[in-house]
Structure formats: C-alpha cells, structure tokens
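Undergrad: The letter at position 233 of the sequence shown is residue 284 when you use this note's numbering, and the numbering goes up by one with no holes.
Questions regarding the structure given below will be posed in turn.
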Amino acid sequence: MNGVRGPQRLSGKVAVVTGAAMGIGRAVARTFADEGAWVVAVDVAPFDRDYPLVEQRFLDVTSEQGWADLADHVRTRYGRVDILANVAGVIGYDPLDELELAEWERIIGVDQTGVFLGMRAFLPAMLDAGAGSVINFSSDWGVVGGVGVTAYNAAKGAVGSLSRNAAVTYAAQGIRVNALVPGWIRTPLTDRQPPDANARVIGSTPVGHGGDPADIAWACVYLASDESRFVTGTDFVVDGGFLAT
Ligand SMILES: NC(=O)c1ccc[n+]([C@@H]2O[C@H](COP(=O)([O-])OP(=O)(O)OC[C@H]3O[C@@H](n4cnc5c(N)ncnc54)[C@H](O)[C@@H]3O)[C@@H](O)[C@H]2O)c1
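Spelled out as structure tokens, the structure:
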C-alpha cells in the first residue's frame with residue numbers, strides 16, 4: 052500500500068493448496084505466495100492465469116495415485132513440504148430421505164476422503180522434517196446442522212474429528228493440524244446457491260454481511276506460519292460470529 056513491506060510471514064516455506072483454481076483456495080494460494088511461500092496449487096478445474104511463485108497442477112483429491120504422484124513431484128522439485136491446505140470441497144443440498152448413495156459418496160469422497168488422502172500423502176515428509184502445518188477445511192456446517200446439506204454436514208464434521216485425531220497423534224513430532232471453519236464467504240460456490248438461501252445465512256451472521264476469500268486466506272497465513280506454533284487441534288472459526296449466536 053505504501054510501498055514498504057514488512058517481513059514476509061511464510062518466507063521460503065513450501066505449501067500445497069487444493070481447490071486452488073477459484074474461490075477460497077485461490078485466495079489462499081495467492082496470499083501464501085504474496086507472503087513468500089513457494090506454492091503448489093492443485094485443482095480439477097483449469098486455472099485462469101499464472102501467478103508469481105504459484106505452480107499450478109491438476110489433482111483430483113479423490114485420487115490416491117494422484118496424491119502419490121503429487122507428493123513425489125513436490126519432494127523432487129522442492130525437497131520438502133511445510134504447509135498442506137486441504138481447501139477443495141463440494142456441497143449438495145439433498146435432505147437425507149432423498150439423498151442418493153452416489154451423491155453421498157461424491158461429497159464424502161471430495162470433502163472427507165480427499166482430506167484423509169492428502170494428509171496421508173504428505174505426513175511422511177513432514178514427519179521426516181519434524182515440522183509441518185496442516186489446514187483442513189471444515190465449515191460452520193461441520194459444527195452445527197444446516198437444513199438439507201446432509202452429506203456436506205457429515206463430511207465437514209468428520210474433517211473436524213479427523214483433524215483432532217491427527218493433531219494429537221503427531222503433535223509431539225512437530226506437526227500441527229487445524230480445521231478451518233469458515234462462515235458464509237462470497238465465492239463461486241455461494242454464487243451458485245439460491246439467493247434466498249444465501250440471504251438466510253447472511254441474515255443470521257451477527258456482523259451483518261458475508262466474508263471474502265481474503266478473510267479466510269489471512270487466517271490460513273496465521274495457521275501456516277510459525278506465529279501459530281502453539282495452535283493445534285482447533286476448530287479455527289472465521290465466520291462473522293455465526294456460531295456464537
Ligand atoms: N464459500 C463458503 O461460504 C464456505 C463456507 C464454509 C466452508 N467452505 C469450504 O471452503 C472450501 C472452499 O470453498 P469455496 O467456496 O471456495 O468453493 P468453490 O466451489 O468456489 O471452490 C472449490 C474448488 O475446489 C475444487 N474441487 C472440487 N472438487 C475437487 C476435486 N475432486 N479435486 C480437486 N479440486 C476440487 C473446485 O474445482 C474449485 O476450484 C470448501 O471446502 C468449502 O466447503 C466454504
């Protein structure tokens with residue numbers, strides 16, 4: 052803003068960010084890079100343009116082989132991984148009594164199994180290094196019920212539990228694992244939702260408006276950086292007060 056920069060908060064770190072072609076993931080990848088990290092940004096969707104310090108690659112987070120190939124690539128090219136942000140996610144709106152098994156499996160596959168596969172692929176390198184920060188994307192709907200969002204509710208709740216499991220299992224080995232819990236954020240995901248559904252959630256948000264991807268990206272910078280070295284196993288809530296009501 053005034054042309055004078057402070058020290059970069061992620062200088063020299065290597066980060067992997069999923070779901071990084073748009074929305075929150077894109078903001079996380081770019082903000083990490085702005086803060087000095089080398090970023091490997093992955094998605095199933097195409098990336099709209101290049102960004103300094105961000106390497107853009109295809110990864111379907113439900114693919115075990117895809118994760119293994121990515122971990123090999125990161126080890127060969129960068130020699131380490133300091134940060135894993137599992138941002139990729141999909142949502143569905145079917146109530147339980149109408150939810151098809153295939154749709155349940157699609158959402159659980161990306162939102163829950165994708166997080167498991169990502170951690171399993173990159174934990175070995177973090178364990179070798181004795182350090183690492185993992186940020187797994189949950190949601191307010193991982194903490195409280197949301198009408199209709201059955202599989203999403205289930206998967207995001209599991210992300211919180213799985214993150215706590217990994218946090219306590221690997222804390223003594225220098226690895227921190229936190230679940231990031233966003234409230235309503237303006238992204239392509241929420242742009243696709245019916246306006247009245249968006250209005251309902253925003254109307255229940257005490258600050259009186261939704262958030263921007265940058266609001267989540269800065270929380271991720273904190274969780275990824277050494278500033279948060281005593282923070283692990285949390286539901287890190289960034290939601291304009293939604294869960295406080
Ligand atoms: N936007 C919100 O209000 C909100 C609120 C709470 C939680 N979240 C969570 O934050 C994360 C990001 O949400 P967003 O709003 O930016 O969503 P978005 O739909 O705008 O972006 C999600 C990205 O994930 C990618 N993706 C989907 N399936 C994938 C797969 N199999 N492999 C790799 N990438 C895949 C998509 O291509 C897309 O680029 C998600 O986990 C979402 O559940 C969002």
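All residues carry an ideal CB built from backbone N, CA and C; glycine is no exception.
From the DSSP output, which residues share a beta bridge with E106?
TA: V91
Undergrad: Please name the residue in A92, R131, A139, D99 whose C-alpha comes closest to that of K64.
TA: R131
Undergrad: How many Å lie between G160 and S189 at the Cα?
TA: 14 Å
Undergrad: Bridge partners of L231, per DSSP?
TA: F188, F287
Undergrad: Since I159 is in the alpha helix (DSSP H), which residue starts that stretch and which ends it?
TA: 152–159
Undergrad: Ignore the nearest five residues each way along the sequence and tell me which others in S255's own chain have a CB closer than 7 Å to its CB.
TA: Contacts found: F293, T296.
Undergrad: If you check the beta carbons only, do F83 and L61 fall under 7 Å apart?
TA: yes
Undergrad: Leaving out the 5 sequence neighbours to the left and right, which residues in its chain are closer than 7 Å to G70 when beta-carbon positions are compared?
TA: G76, D94, V138, A139, G140
Undergrad: Going by the CB atoms, is the gap between V112 and G165 shorter than 7 Å?
TA: yes
Undergrad: Since I267 and P233 are thought to touch, with beta carbons under 8 Å apart, how far apart are those beta carbons, to the nearest angstrom?
TA: 5 Å
Undergrad: At what residues does the alpha helix (DSSP H) containing I267 begin and finish?
TA: 264–275
Undergrad: Taking only heavy atoms of ligand 1 into account, decide whether any of them is closer than 6 Å to the Cβ of T201.
TA: no
Undergrad: Under three-state DSSP, which class holds A218?
TA: helix
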